[in-house]
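Student:
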Amino acid sequence: MNKLIKAFTKESALVPLIAILLGLIVGAVIMLLGGYDPILAYRSLLGAVFGHRYDFGETLTAITPILFTGLAVAFAFRTGLFNIGAEGQYIMGMTGATVIGVTVHLPWYLHAPLAIIVGALAGGVWGMIAGYLKAARGVNEVITTIMLNWIALHLANYIVRQFLLEPGKGRSYRVDDSASVTIGWLSRFMDDARMHWGMVAALLGVIFFYYFLWRTKQGFELRVVGANPDAASYAGISVSKSVVKAMFISGALAGLAGVFQVLGVFHNQVISAGHTGHGFDGIAVALLGGNNPLGVLFGAILFGVLSHGAAEMSFGANVPPEIIRIVIGSVIFFVAAPGIIRWLLKRAAWKKRKEEAI
Amino acid sequence: GAKNNNDGGGAASPSQSPSASPSESAAPGQTVDGKDFKFAMVTDVGGINDKSFNQSAWEGLNKLKADTGAEVKNLESKEASNYLTNLNKFVRDGYNLTWGIGFLLEDAVKESADKNPDARLAIIDGEVQAPNVASIKFAENEGAFLVGVVAGSMTKSNKIGFVGGIDIPVIKRFELGFLAGVAAVNPDAKVEINYTGAFDKADLGKAAAASLYNAGADIVFHAAGATGNGVFNEAKERNKNASADKKVWVIGVDKDQSLEFGDDVTLTSMLKRVDEAVYRVSMEMIEGKFPAGQVTTLGLKDDGVGLPDTSKANVPQDILDKVEEYKQKIISGEITVPTAE
Amino acid sequence: MDAATIGHMLNTAFVFSTALILAALGGILSERSGVVNIGLEGLMTAGAFAAAVAAYKAQEAGLGAASPWIGVLAGAIFGVLFALIHAVATVTFRADQVVSGIVINFIAGGSTLYLVKLLFDGAGDTALVNEVFHKIKIPLLSDIPILGEGLFNAYPTTYLALILVGAIYYMLYKTAFGLRLRSVGEHPGAADTVGIKVLRMRYAAVLMSGVLAGIGGATIAMTTTGSFSHNTISGQGFIALAAVIFGKWNPLGALGAALFFGFAQSINNVLQLFDFSSHVPPEFIYMLPYVLTILVLVGAVGRSRAPGALGEPYSPGKR
Amino acid sequence: MEQAKTVVEMRGITKRFPGIVANDSVDFKLRKGEIHALLGENGAGKSTLMNVLFGLYQPEEGEIFVNGQQVVIDGPNKAIKLGIGMVHQHFKLVHPFTVAENIILGSEPRKWMGLAVDKKRAGEQVDRLSKQYGLNVDPYAKIDEISVGMQQRVEILKTLYRGADILIFDEPTAVLTPQEIGELLVIMRNLVAQGKSIVLITHKLKEIMTIADSVTIVRRGKVIDSLPVAGTNPNQLAEKMVGREVSLKLDKKDAALGEPILEVDGLVVKGRQGLNALNGTSFVLKRGEILGIAGVEGNGQSELIEALTGLRSVAGGSIKIAGAEMAGEKPRTISEAGLSLIPEDRHKHGLVLDFPVRDNMVLETYYQPPFNKRGFLDYKAIGKHAEKLVKDFDVRTPSIMTDARALSGGNQQKAIIAREVDKNPEVLIAAQPTRGLDVGAIEFIHKRLVEQRNMGKAVLLVSYELDEIMQLSDRIAVIYEGRIVGEVKPSETNDRELGLMMTDYKQKQGGPDSEQAD
Ligand SMILES: Nc1ncnc2c1ncn2[C@@H]1O[C@H](COP(=O)(O)OP(=O)(O)OP(=O)(O)O)[C@@H](O)[C@H]1O
Ligand SMILES: Nc1ncnc2c1ncn2[C@@H]1O[C@H](COP(=O)(O)OP(=O)(O)OP(=O)(O)O)[C@@H](O)[C@H]1O
Ligand SMILES: [Mg+2]
Ligand SMILES: [Mg+2]
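Residue numbers (this note's numbering), protein chains in the order written: chain A, 72 to 429; chain B, 168 to 508; chain C, 1288 to 1606; chain D, 114 to 631.
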């Protein structure tokens, strides 16, 4: 608790806040240059997120997958691995859940859990491939995960087209209702927003992330390997095993993002022409959150709020929604380069002093 | 079956000539007052300037605005989970009719319609079973048959190419119709099929076209969205220095692509009158004749698909006559064009 | 498979590879100086955007065949502008290089589309440029079997890329500038103590990577798409990054890697011409380039060794 | 005229780092043609002072005069122009480059109108310089492929190539073998003879007595004294630098030998290029003794340690700990069988620098009770344990939550020793346990090793420093080309004999078995 209080009073908490402010200012300036009204735009944005129960609910739904992929990327980072493959693991998670949701028929208390587990495993295995290739053959995980993203896309399309396709449609059959993880009463309360258990699971993911890495024996091993693999092997920790394990867990987290999109949001899987971007957004979220579980949570919220609100900005103020990517990019930029903020603050202080002197 | 019929009062049947522009077909014209009406459309990730499908739909709505004074608006989706939220934005804002453009939005339209029974929605290229939704589909196979006739008649090498986006039912209809059309006029011609796996990768389209042309094809029909831009670029590239007898052709899709890429490479295009359909159905909404709950398939009969007038530039009249002949046979039911394997 | 087919495949491979080669060269320069560059994707995006817009404007202004070259120039300039952000963040302010690279991708993706919408009345893509590059047959050389069709009937940008491979190889390994650049990436402390301006070298390298990746993006707009939209650059930057690593941070290696990717892509289309391909699900054919890449990496002996100080910001006071 | 002879004068230099005054108005004078030693505890501020002189740090206060002129040294470039060169404690060499490339870097000979580096001329220049000062390096060898001693010569050549007259050596001997040290001292004399002036930072009093003309002693950033070497002695120097009396002599009672605990027999281990790094190594270590492994670096010591600890696969032979076969076992199994290691490279192998001291203290035992409870770590127990070790071993750290990176080298080493000794091992391998440490820290560590032995444990000491081996060991085994070529008792041998055995054992044939110590 003490730590938490300290965290908010330190410069480390001030920097993200200033970074967000600066990011929004950058966005505003660009909107002004483009001839748009930033005040109206930001008001629409906030209105879109907090103005209505429905929008609030949908914002939560938008946060869920990127919270998972953000955790996935951050987890790998913590163990010394750069997982650019959250996208592919996400797709495999989707596919695993769809396969179970469509082809297996079970009572709800078995069906949904099975679909979740299989989806997470599928994502995990997909991550593990990169981990194994790194551990056994020394192949750089950056390359393999990039390649595996594309392979996952086409493999998933194949599976959907070959085994799950609803005739005449470009997508799978609908998953059984017994596999659905929507929360009916909450959706009704939220004015039909697509509420599902994924958000809860993602929050559990945050807690798992923290507890596993900092409280368990295995997490300790992974962190040692991440921080100094040489020292790890001197301490009797198997580096290869750790790498595989870490990529499995990271992949499973990303896979869960896909699982809950299928079971909670779409209820089917389409033959997809390209990547969703959730995996890549996960990298941004992880970085925004400094690879800390709590930071990732805040990062995902910020990211989710901004991107969900972007549609309303273009709806209400006619601003191209791309502006939000510039805002998010700038925020990450200022978070990553606190030196710039300090420099700006110093200049501001210096100027003030000069003015006072005159 | 019932769902494939447009017998809901015949309201959705456009009745003009194939190459008619929306303005000519707008029979009621300025006399209709739509000032109190609000229309909207939601696209997938492509956006309204995709030079084909979405753009066509948006043109239809803008025409409506010009003719009736109705308010129109669009939103493009950044990813699949935005489809529903974007549709709902309009539905909740009291829009009279909200369009989902493309089969990808089918499920979202269904869900929005179920949750908002008082709202009116419509879907292009999809089929939604709901009392407050109008579904508009196209018989792409019929149109593709006709361009197949053109290709089969005009190929010199007896090799023809087809570049598809992704192997999904809609595109399959293009492929099968095209194959049938070629086979009808030129059983000796061989059609090489190449699916690129994407609708948005011009580089893949270019490479696919290159391999088809290298393999001897002189005409390539694409049904691949923006991937098809690569097909055009490859053809242009080849024609730049080629002698007249080595000239290659592209058959465009959705819109009259000769307007974009020029007559020198565009042999003809397989039109899909999304603009017309959007305009029509919206107009019916204003007139109080919205075909709610109906699935309308627009084929040759309804001029929902067909060839543009500009085909004259490259396709000789005798072949166009043949095309017209086949068109009548399809309309009369003498020929049935396959829709699926 | 006959010689002509192989020649055609090689030709297609070069079309794919050109942008990858250029961007990978950019990646090499940046990373050889010790600055990780996952912003290649964004730099290429900026380059493709600028090229499409500038070439379009040039074409409108009646500049004709010079238009694509103006596009390439604009691509280089835009690439540098975005690379400058990366350089300021990572070199001056010592921001995490990975983070900064991701930021470049974000901002480049967002701002180019924003500008497209501003410039083209809300459209999601630029107007089509008709004045694009055309393949140039080199007399005599293009008559060589296989290679003639494969290599000597190519876009001017392909020749440019190949020349740059040689030039950058020479620069890195034969000139004093190259020696210093590499030393800065291996051991900035060592470079500093012999009086090399570490930060200045890194700026130079990162900015050059902006030029090259920008040109790389421009070649895509000026040869394959003829326009710019949200997916003109979709993943090529990451593949180029893979080529940097696969090619062991060496220009020749990266050339080989980029060609390999291009070739694997072109196999794709050729395979579909064979009758047996109708028995293979197309998805497996699409996967092929990526699967092949992984297999080759697994088979390749020897781990690649990254520049010693890659990813480490340099501050003179730190040990 | 004293002024004329002074080449460098630093006056009132103050350099602060966050939370510490590294140099507190330090005065320092270097005369032409002298070797001037800088002496002080770890963290006293020696390197900082010299980094200021070399322009790497800017002092907050103070003035610098070079050859009587006041100068501002705002970067190494300036220092180089002033004729100052520095051989850093941690070499500043670009490893994938060749020797010549490293030397010419930054001022390369050119050809083709400056376009290309003239590598041939570079090689010739390096060759010439190397011969002139008797340095004997191969200009075309890669840094990766040459020994540490050679690397240091490259550093020296770098300064000479740039025309340095004032050379700074920061702990040059910490990483060298006795042979290399001897050669370095010759080189330094050579340099002085050719008119260069040298600042020598070292912790080894013996070296100061041997080679230096004057010595300046620093403690906690302040100069304590500056005096000619003639007329002082090691004990006096040690006292001045630590501020208390230090016993340079180790009290050690006779060994009480127990049964054999570590038996290595015919050990064969593959090295880098498929050659055998260990070639049938055999020795026996008994309870209650310290066995010193003496040898020139690169004769299989690293491989021996890695094989013993399970980090490297064994191609043949056997390793028995307390009678149980351990060859080919996993590191953890071996560790649990009672083997502990103080690794040679504390930053790379011994510590996770970005982890707090607390976590580093359980790096090998985190999975055992009471630290691990059913898969979960008990940080209370771990913290308590760390507090105890920090106290018992006098690890100077602000808190157990301080990152290991922030500790000084001596304290990092103490932390490692605390951890390893606390495991209560049957066999403790200490590899270079005091490299780079000051006399105070060395004294502490040596005492701990002897303590272990007195408790009936076995200690295997691997060191390249003959002094340390001679002082600590009960028995010395000499390793040469992957084989134990002789065993002697320290009381029955001397530096010269050991040195000979280490370099060419054939002269002492008949040794290994007949000399068996009992
Ligand atoms: N870059 C730095 N940042 C912060 N503090 C530093 C830095 N360098 C040195 N210090 C501090 O300055 C003090 C003096 O360090 P210095 O390296 O000069 O010691 P030293 O006498 O060379 O020690 P050693 O014998 O271990 O080499 C140390 O206590 C350390 O805390
Ligand atoms: N980045 C840093 N920030 C703060 N203090 C530092 C930093 N690097 C080193 N120090 C300080 O420098 C001091 C000495 O460190 P140094 O590495 O010189 O120790 P050392 O005894 O010379 O060890 P070794 O010889 O093994 O390197 C320590 O007290 C440490 O606090
Ligand atoms: Mg020091
Ligand atoms: Mg030291």
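C-beta atoms are modelled at their ideal positions from N, C-alpha and C, and glycine is treated no differently.
Could you check whether Gly350/A and Ala157/A sit closer than 7 Å to each other, using their CB atoms as the reference points?
Tutor: Against a cut-off of 7 Å, the Cβ pair of Gly350/A and Ala157/A comes out as a contact.
Student: How about the segment 1324-1338 of chain C and the segment 1536-1553 of chain C: do they share at least three Cβ pairs that are nearer than 8 Å?
Tutor: No: fewer than three Cβ pairs fall under 8 Å.
Student: For Ala390/D, name the three-state secondary structure that DSSP assigns.
Tutor: Of the three classes helix, strand and coil, the one that applies to Ala390/D here is strand, per DSSP.
Student: Since I believe Lys319/D is in contact with Ile337/D (beta carbons under 8 Å), could you give me their beta-carbon distance rounded to a whole number of angstroms?
Tutor: That pair is no contact at about 20 Å.
Student: Examine ligand 3 and report whether any of its heavy atoms sits within less than 6 Å of the Cβ of Ser160/D.
Tutor: For ligand 3, at least one heavy atom lies less than 6 Å from the Cβ of Ser160/D.
Student: Does any residue of chain A bring its CB to less than 7 Å from the CB of Ala1376/C?
Tutor: Yes, Ala1376/C counts as interfacial toward chain A.
Student: Here's a check: name, in chain order, each residue in its chain whose Cβ is nearer than 7 Å to the Cβ of Arg1469/C, leaving out the five neighbours to either side.
Tutor: Cβ within range, chain order: Arg1319, Leu1459.
Student: How long is the line joining the alpha carbons of Gly371/D and Val572/D, rounded to whole angstroms?
Tutor: For Gly371/D and Val572/D, the distance between alpha carbons rounds to 13 Å.
Student: Closer than 9 Å by beta-carbon distance: list the chain A residues that pair up with Lys443/D, in chain order.
Tutor: Those within 9 Å of Lys443/D in chain A are Gly307, Ser309.
Student: I want to know whether the segment 1393-1406 of chain C touches the segment 1469-1480 of chain C - three or more CB-CB distances under 8 Å.
Tutor: Counting Cβ pairs under 8 Å, fewer than three are found: no touch.
Student: Quick check on DSSP: helix, strand or coil for Arg232/A?
Tutor: Residue state, collapsed to three classes: helix.
Student: Taking all protein chains shown into account, do 16 or more other C-beta atoms lie within 10 angstroms of the C-beta of Thr503/B, making it buried, or fewer, making it exposed?
Tutor: With fewer than 16 other Cβ atoms within 10 Å, it is exposed.
Student: Anyone know if the C-beta pair for Asn1298/C and Glu1473/C falls short of 7 Å?
Tutor: No, the pair does not count as a contact, with Cβ atoms beyond the cut-off.
Student: For the putative contact between Leu116/A and Gly380/A, defined by C-beta atoms under 8 Å, what is the C-beta separation to the nearest angstrom?
Tutor: The pair is a contact, with the Cβ atoms about 4 Å apart (cut-off 8 Å).
Student: So is Arg548/D buried or exposed if we call it buried at 16+ other beta carbons inside 10 Å?
Tutor: Its Cβ being crowded by 16 or more others within 10 Å, Arg548/D is buried.
Student: Compare the C-beta of Val210/A against all C-beta atoms of chain B and say whether one is closer than 7 Å.
Tutor: No - not a single Cβ of chain B is within 7 Å of the one on Val210/A.
Student: Rounding to the nearest angstrom, what Cα-Cα distance links Leu285/D and Ser453/D in this structure?
Tutor: According to the sequence as given, residue 285/D is Pro; it is not Leu. Pro285/D and Ser453/D: Cα-Cα distance of roughly 29 Å.
Student: With 7 Å set as the bound, which would you pick, yes or no: does the beta-carbon of Leu358/A sit closer than that to a beta-carbon of chain C?
Tutor: Leu358/A counts as touching chain C.
Student: Which partner residues of Val572/D appear in the DSSP bridge assignment?
Tutor: DSSP output for Val572/D lists Ile403/D, Leu541/D as bridge partner(s).
Student: Would you grab the beta carbon distance between Thr101/D and Ala528/D for me? Rounded to a whole angstrom, and I think it's under 8 Å.
Tutor: With chain D covering 114 to 631 only, the question about residue 101/D has no answer from this structure.
Student: Under 6 Å Cβ to Cβ from Tyr262/B, same chain only, skipping five residues before and after it: list those, please.
Tutor: Closer than 6 Å at the Cβ level, and outside the excluded window around Tyr262/B, lie Lys205, Ala207.
Student: As an exercise, report each continuous beta strand (DSSP E) stretch of at least 3 residues that is fully enclosed by the segment 244-276 of chain D, in chain order.
Tutor: Whole beta strand (DSSP E) segments, 3+ residues: zero.
Student: If you reduce the DSSP assignment to three classes, tell me which class Val1323/C lands in.
Tutor: Note: Val1323/C maps to coil in three-state DSSP.
Student: Buried or exposed for Gln414/D, please, with buried defined as at least 16 other CB atoms from any protein chain shown within 10 angstroms of its CB.
Tutor: Under this definition Gln414/D is a buried residue.
Student: Once DSSP output is grouped into helix, strand and coil, what is the label at Ala1352/C?
Tutor: Correct three-state label for Ala1352/C: helix.
Student: Which residues, in chain order, does the segment 198-222 of chain A contribute to contact with chain C at a C-beta distance below 7 Å?
Tutor: Within the segment 198-222 of chain A, the residues whose Cβ lies closer than 7 Å to some Cβ of chain C are Leu204, Arg208, Gly209, Val210, Asn211, Val213, Ile214, Thr215, Ile217, Met218, Trp221, Ile222, listed in chain order.
Student: Report the neighbours of Met1574/C on chain A: residues whose CB is nearer than 8 Å to its CB, in chain order.
Tutor: By Cβ distance, chain A contributes Trp221, Ile222, His225, Leu226.
Student: Roughly how far, in whole angstroms, is the beta-carbon of Ser249/A from the beta-carbon of Pro178/A, given that I think they are within contact range, below 8 Å?
Tutor: Going by Cβ atoms, the distance from Ser249/A to Pro178/A rounds to 6 Å, so yes, they are a contact pair.
Student: Leaving out five residues on either side along the sequence, give the residues of the same chain with a beta carbon under 6 Å from the beta carbon of Met270/A.
Tutor: Excluding positions up to five away in sequence, the list reads Leu131, Thr135.
Student: Please go through the segment 267-312 of chain B and give each complete beta strand (DSSP E) segment of 3 or more residues, from N-terminal end onward.
Tutor: List check, beta strand (DSSP E) in window: 288-291, 300-305.
Student: Which whole runs of the beta strand (DSSP E) in the segment 300-333 of chain D are 3 residues long or more, in chain order?
Tutor: Runs of the beta strand (DSSP E) inside the segment 300-333 of chain D: 310-314, 327-332.
Student: DSSP on Phe489/D, reduced to helix/strand/coil?
Tutor: Three-state result, Phe489/D: strand.
Student: In chain A, which residues lie with their C-beta within 7 Å of the C-beta of Lys1484/C?
Tutor: Neighbours of Lys1484/C on chain A: none; closest Cβ ~19 Å, over 7 Å.
Student: Can you find a C-beta in chain C that's less than 7 Å from the C-beta of Glu237/A?
Tutor: Not an interface residue.
Student: With the cut-off set at 7 Å, would you say Gly1358/C and Ala1491/C are in Cβ contact?
Tutor: Not closer than 7 Å, so no.
Student: Could one say the Cβ of Asp370/B lies closer than 7 Å to chain C's Cβ atoms, at least one of them?
Tutor: Yes, because at least one Cβ of chain C sits closer than 7 Å to the Cβ of Asp370/B.
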